[in-house]
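Quick note: the sequence shown, position 24, residue 24 per UniProt numbering, numbers continuous.
For each residue, glycine too, the CB sits at the ideal point set by N, CA and C.
Please read the structure below before turning to the comments.
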Amino acid sequence: MSTERDPDMDMDCTAVIADVWLMLDGECDDATRARLQEHLDHCSPCIEAYGIEEKVKGLLSRKCGGDRAPDTLRERLSIEIRRSVTIIEPTET
Numbered sequence: 001m002s003t004e005r006d007p008d009m010d011m012d013c014t015a016v017i018a019d020v021w022l023m024l025d026g027e028c029d030d031a032t033r034a035r036l037q038e039h040l041d042h043c044s045p046c047i048e049a050y051g052i053e054e055k056v057k058g059l060l061s062r063k064c065g066g067d068r069a070p071d072t073l074r075e076r077l078s079i080e081i082r083r084s085v086t087i088i089e090p091t092e093t
């Protein structure tokens, strides 16, 4: 079994993780949700990252009292998250 990852898969993983927040916030359409879920169902690194993002969202929700950020701030944060998301592959031991 090869340990090299397909570069197209890495790019797709980056896009999936960037869009996970949209899915967690219920802000994506059905087609996007289906695409993300399909990928998550078959990609262990992404499902692990999704679990972390889900926990972060839950923590923020509990600690921030459910306040909703202004739309302009949400848009800026979404753009910045997409720019900065990276996937770190676990090292094999």
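{"Check": "Distance between K55 and I79 (C-alpha atoms, nearest Å)", "Outcome": "21 Å"}
{"Check": "Segment contact, 8 Å Cβ cut-off, at least three pairs: the region 46 to 53 with the region 13 to 20", "Outcome": "yes"}
{"Check": "Run of the alpha helix (DSSP H) containing P45, from where it starts to where it stops", "Outcome": "44 to 63"}
{"Check": "Contact check, L22 vs C13, beta carbons under 7 Å", "Outcome": "no"}
{"Check": "Given D25 as reference, the closest of S61, R35, C43 once Cα atoms are compared", "Outcome": "S61"}
{"Check": "Burial state of H42, where buried means 16 or more other Cβ atoms lie within 10 Å", "Outcome": "exposed"}
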